[in-house]
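Everything below concerns the one structure shown next.
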Amino acid sequence: MAKKSNKIVYAVALVLFLGGLSYLIFSGLTQDSVYFLNVTEALAQDRAEIGNARLFGKVSPKGLAIADGKLGADFDLMDKVQHDKALRVEYKGALPDTFKADVEVIVEGRFSPDGQVFLARTLVTKCPSKYEEKSKQMDIQQGQAG
């Protein structure tokens with residue numbers, strides 16, 4: 004009799020464990036899903052249904068407006084490949100030092116209710132190639148010294 008009740012306890016524990024794990028995976032995927040899109044992909048979708056998104060592209064020199072003290076910017080985010088495709092972005096917050104026209108950026112946020120403007124919560128610039136090249140050179144020098 005004791006062996007039978009142990010199997011039942013293990014079976015119930017396994018079912019509870021798998022149920023809890025399934026719930027955590029499902030809720031994590033649905034609630035915090037963030038689309039990672041380029042500008043062309045964002046323009047092709049229904050922006051009202053996208054919700055949270057992470058967009059990448061280049062800052063257009065046309066229409067770039069940086070707030071006083073570099074505490075925000077309004078700009079057009081161009082697709083890296085199709086430069087005629089662009090989205091208007093509004094960002095409120097401290098701008099990275101490397102933020103300027105023609106730099107590659109990643110913005111995270113959501114579209115305004117009318118879908119015309121992307122309201123960014125975060126903005127990150129890609130390091131210019133000159134910094135990447137210096138970093139590679141430093142790695143090589145440190146590798147030779149070590």
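Start counting the sequence shown at 4; every next residue gets the next number (the working numbering).
Ideal Cβ placement from N, Cα and C applies to all residues, glycine included.
As the structure is a computational prediction, the values presented were derived from the model and not from experiment.
Output the distance between the C-alpha atoms of residue i and residue j, rounded to the nearest integer angstrom.
i, j, result
"Met4", "Leu21", "Residue placement at Met4 cannot be trusted, given a pLDDT of 49 that sits under 50; what the coordinates show is reported in the next sentence. Taking the straight line joining both Cα atoms gives about 26 Å."
"Glu44", "Leu90", "11 Å"
"Asp79", "Lys88", "9 Å"
"Thr125", "Lys103", "16 Å"
"Lys7", "Val15", "13 Å"
"Asp105", "Asp77", "14 Å"
"Ile69", "Val62", "12 Å"
"Ile109", "Gly23", "34 Å"
"Lys65", "Met81", "10 Å"
Closest to residue i by CA distance: which of the options is it?
i, options, result
"Ala51", "Tyr13, Gln119 and Ser8", "Gln119"
"Asp49", "Phe78, Pro116, Ala123 and Thr128", "Pro116"
"Leu122", "Glu111, Thr128, Lys129 and Cys130", "Glu111"
"His86", "Leu67, Gly60, Val18 and Leu27", "Gly60"
Per DSSP, what are the beta-bridge partners of residue i in this structure?
i, result
"Ile109", "Phe59 and Val127"
"Phe114", "Phe121"
Which full runs of the alpha helix (DSSP H) of 4+ residues lie inside the region 32-77, going along the chain?
-> 42-47 and 50-53
Given 8 Å, three or more beta-carbon pairs between the region 89-103 and the region 58-76 = yes
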